[in-house]
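Undergrad: As you go down the protein sequences, you meet chains A and B in turn. Under my numbering, read the first sequence as residues 1 to 211, first letter to last. Under my numbering, read the second sequence as residues 212 to 422, first letter to last. Note that CB positions come from ideal geometry on N, CA and C, so glycine has one too. Sharing a structure, written as structure tokens. Questions coming.
There are 2 protein chains.
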Amino acid sequence: MSNTLTKPTPKGARTRDRILDIAEASVLAKGFAATSIEEIIAEAEITKSGFFYHFRDKTQLARALLQRFLQADDVLLDDLFARARELTDDPLHAYLVGFRLFAEAMEEMEDVHPGCMVAAVAYQARQFDAEVRTLARDGMVNWRLRFREMLDAIAVKYPPHEEIDLDALADQASVLVEGGIVLAKLFEDQTLLAGQILLHRTFVKTLFSPR
Amino acid sequence: MSNTLTKPTPKGARTRDRILDIAEASVLAKGFAATSIEEIIAEAEITKSGFFYHFRDKTQLARALLQRFLQADDVLLDDLFARARELTDDPLHAYLVGFRLFAEAMEEMEDVHPGCMVAAVAYQARQFDAEVRTLARDGMVNWRLRFREMLDAIAVKYPPHEEIDLDALADQASVLVEGGIVLAKLFEDQTLLAGQILLHRTFVKTLFSPR
DNA sequence: CGGAAAACCACACCGCTGGTGCGGAAACCG
DNA sequence: CGGTTTCCGCACCAGCGGTGTGGTTTTCCG
Chain A
1 MSNTLTKPTP
11 KGARTRDRIL
21 DIAEASVLAK
31 GFAATSIEEI
41 IAEAEITKSG
51 FFYHFRDKTQ
61 LARALLQRFL
71 QADDVLLDDL
81 FARARELTDD
91 PLHAYLVGFR
101 LFAEAMEEME
111 DVHPGCMVAA
121 VAYQARQFDA
131 EVRTLARDGM
141 VNWRLRFREM
151 LDAIAVKYPP
161 HEEIDLDALA
171 DQASVLVEGG
181 IVLAKLFEDQ
191 TLLAGQILLH
201 RTFVKTLFSP
211 R
Chain B
212 MSNTLTKPTP
222 KGARTRDRIL
232 DIAEASVLAK
242 GFAATSIEEI
252 IAEAEITKSG
262 FFYHFRDKTQ
272 LARALLQRFL
282 QADDVLLDDL
292 FARARELTDD
302 PLHAYLVGFR
312 LFAEAMEEME
322 DVHPGCMVAA
332 VAYQARQFDA
342 EVRTLARDGM
352 VNWRLRFREM
362 LDAIAVKYPP
372 HEEIDLDALA
382 DQASVLVEGG
392 IVLAKLFEDQ
402 TLLAGQILLH
412 RTFVKTLFSP
422 R
């Protein structure tokens, strides 16, 4: 993952990323408060002053962590569903393909999913300021809108067999991911998250697919 | 909630419960590490010595918190599904009624759901010892078994219309609750969790209900 | 190549927190 | 009434998170 040969990134950004990598892993494993700066700088092999050069205080670290996480997730989903739409023009089919790709991506991760930063914020909300909490909320709103748009397009073409709240259904995707990660972490089960995603896929399929 | 008139419980157990109440709320809002003993005793209006009389150290507090939480959840679910089974002998119908009761119970909570202790452990796992982590895992295993048994009984009577992994479907209940709580906390939306539970209910209904 | 800016180090400092220890003193209960 | 339970008061400590100041090296760019 590290670019040892090519180094187009300025040096500062690289150590900054290293700090964020280490901090992210620690926050998702122990929580934000238990993530000590002392520990981060030890692992990153820098000094405390070096850390505070990149982040004014721990609050700024949290903000950067969340922003980076949200952006990476957006890129991932954009990519997956763009690939799905290349394969088909049908909204339902694209949705199903997209979630299959999503499940595969989750299953092919090297380790069990380390966790979602947004959930970490949700469960330690009072440790963060309003801006971080807003960022987390907006991130989830984006997910809802993303899936809601797809479902709207589907519902127009294929009327659902059951009366259904499309907002709730759109949220189900987020919910499954968040909850799936929780259980995957508890069980240390790599495949659980993918299974849950495929279950949502099956649900949408049976709901909209003509009989 | 407090029993001011009737006090069948010995005094010690009452303050112990008060400590646990305060600690639980704090852990679910700020995380375990950020929950300081100093803060707990201030809110409980006791001294540090009083706290350490009830709990040898912070680890024991975590253990007690989790045990109490798991037990309360078990009692709740036992009650809901016992009531459901009183109403009908049909396994599918009982399942659907049980989840409707569950959704109603979640919607009728005074505040938005404060959070699940198990998820808090999952997202701060490295802060806890092996015993606490095992407790959390076993709690989720119980949920899986509980729902799996019901689904088995349903599948025998009503063959599902789609090929489905019953373990994954059983886990979907836990996943929806955990993920639903995360989103409910983020959105401060009281109804979201109930909506997700009803969605699972609809899914099971369409899967098994004869056409 | 030179100088400015970026990136980082050394060190000193403070307050808070988890935790220990001991000597009590109420409150409860048989 | 006497013993147990349930706390309080207080003193103390080691460790860590977090901040600030000032200096040094490294990198970058014209």
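In the structure shown, what three-state DSSP assignment does F262(B) receive?
TA: helix
Undergrad: Sort E163(A), R146(A), L92(A), R56(A) by Cα distance to G76(A) and report the nearest one.
TA: For the record, residue 76(A) in the displayed sequence is Leu; it is not Gly. Ranking E163(A), R146(A), L92(A), R56(A) by Cα distance to L76(A) puts R146(A) first.
Undergrad: Figure out for me which residue from Q335(B), I408(B), A347(B), L380(B) has the closest Cα to the Cα of F187(A).
TA: A347(B)
Undergrad: Can you tell me the Cα-Cα spacing of I197(A) and D165(A), whole angstroms?
TA: If I take the Cα positions, the gap works out to 19 Å.
Undergrad: Can you round the beta-carbon distance between R201(A) and F99(A) to whole angstroms, since I take them to be within the 8 Å contact cut?
TA: Taking a contact as a CB-CB distance under 8 Å, the pair R201(A) and F99(A) counts as one, their CB atoms being some 4 Å apart.
Undergrad: Which of the three DSSP states, helix, strand or coil, is assigned to H411(B)?
TA: helix
Undergrad: Along the segment 232–258 of chain B, what residues have a CB closer than 8 Å to any CB found in chain A?
TA: L239, A240, K241, G242, F243, A244, A245
Undergrad: My assumption, with CB atoms under 8 Å, is that Q383(B) sits in contact with F243(B). Please give the rounded CB distance.
TA: Wrong, their Cβ atoms sit about 28 Å apart, outside the cutoff.
Undergrad: Output yes if chain A places a C-beta closer than 8 Å to the C-beta of E342(B); else output no.
TA: no
Undergrad: Apart from the five residues on each side of it in sequence, which residues of its chain come closer than 7 Å, Cβ to Cβ, to A273(B)?
TA: Scanning its chain for C-beta atoms nearer than 7 Å, with the 5 sequence neighbours on each side dropped, one finds around A273(B) the residues F243, F339, V343, in chain order.
Undergrad: Note down the Cα distance separating K368(B) from F203(A), rounded to an integer number of angstroms.
TA: 21 Å
Undergrad: Could you name the residues of chain B that F203(A) contacts, counting a contact when the two beta carbons are closer than 7 Å?
TA: F414
Undergrad: Have a look at R355(B) and Q271(B) and give me their C-alpha separation to the nearest angstrom.
TA: Straight-line Cα distance between these residues: approximately 27 Å.
Undergrad: For T59(A), which three-state DSSP category applies?
TA: helix
Undergrad: Tell me the DSSP secondary structure of V286(B) in three-state form.
TA: helix
Undergrad: Three or more C-beta pairs closer than 8 Å, one from the segment 64–72 of chain A and one from the segment 17–24 of chain A: is that the case here?
TA: yes
Undergrad: Of all the residues that make up the segment 277–308 of chain B, which are near chain A by a beta-carbon distance shorter than 9 Å?
TA: none
Undergrad: Please work out which residues of its chain come closer than 8 Å, Cβ to Cβ, to S420(B), disregarding the five sequence neighbours upstream and downstream, and give them in chain order.
TA: If you ignore the 5 residues before and after S420(B), its C-beta comes within less than 8 Å of the C-beta of L303, Y369, all in its own chain and listed in chain order.
Undergrad: Kindly say whether T417(B), judged by its beta-carbon, lies nearer than 8 Å to any beta-carbon of chain A.
TA: yes
Undergrad: Can you pull out the residues from the segment 130–158 of chain A whose beta carbon lies closer than 7 Å to at least one beta carbon of chain B?
TA: Only those residues of the segment 130–158 of chain A whose C-beta falls short of 7 Å from the nearest C-beta of chain B are listed: A136, R137, M140.
Undergrad: Going by C-alpha to C-alpha distance, which of I181(A), L192(A), L176(A), Q124(A) sits closest to T35(A)?
TA: Q124(A)
Undergrad: Which whole runs of the alpha helix (DSSP H) in the segment 219–251 of chain B are 4 residues long or more, in chain order?
TA: 222–241
Undergrad: With a cut-off of 8 Å, do at least 3 Cβ pairs link the segment 105–116 of chain A to the segment 176–186 of chain A?
TA: Yes, the segment 105–116 of chain A is in contact with the segment 176–186 of chain A.
Undergrad: By alpha-carbon positions, which one of V141(A), L96(A), A13(A), A72(A) ends up nearest to G50(A)?
TA: Checked all of V141(A), L96(A), A13(A), A72(A); the closest Cα to G50(A) is A13(A).
Undergrad: Under 8 Å between the Cβ atoms of E24(A) and C116(A)?
TA: no
Undergrad: Does D382(B) have its Cβ less than 8 Å from a Cβ in chain A?
TA: Look at D382(B): its C-beta is under 8 Å from a C-beta on chain A.
Undergrad: Have a look at L298(B), V238(B), T299(B), K416(B) and flag the residue whose alpha-carbon is nearest the alpha-carbon of H161(A).
TA: K416(B)
Undergrad: Determine the extent of the alpha helix (DSSP H) in which E45(A) is found, giving its start and end residues.
TA: Neither: E45(A) is in no alpha helix (DSSP H) and is coded neither H nor E.
Undergrad: Could you round the C-beta distance between E318(B) and T402(B) to whole angstroms and report it? I think they count as a contact, below 8 Å.
TA: Going by Cβ atoms, the distance from E318(B) to T402(B) rounds to 6 Å, so yes, they are a contact pair.
Undergrad: Alpha carbon to alpha carbon, how far is E250(B) from A305(B)?
TA: 45 Å
Undergrad: For K396(B) and chain A, any beta-carbon pair shorter than 8 Å?
TA: yes
Undergrad: Go through its chain and collect everything with a Cβ distance to S26(A)'s Cβ below 6 Å, but skip five positions before and after it.
TA: Taken in chain order, the residues that qualify are T35.
Undergrad: Considering only residues of the same chain and omitting the five flanking positions on each side of R227(B), which have a CB-CB separation below 6 Å?
TA: Excluding residues up to 5 positions away in sequence, H265 lie with their Cβ nearer than 6 Å to the Cβ of R227(B) in the same chain.
Undergrad: Are any of the Cβ atoms in chain B nearer than 8 Å to that of Q196(A)?
TA: Under the Cβ distance rule, Q196(A) counts among the residues neighbouring chain B, one pair being separated by less than 8 Å.
Undergrad: Does DSSP put T88(A) in a helix, a strand or coil?
TA: coil
Undergrad: Report yes or no: is there a C-beta of chain B within less than 8 Å of the C-beta of Q60(A)?
TA: no
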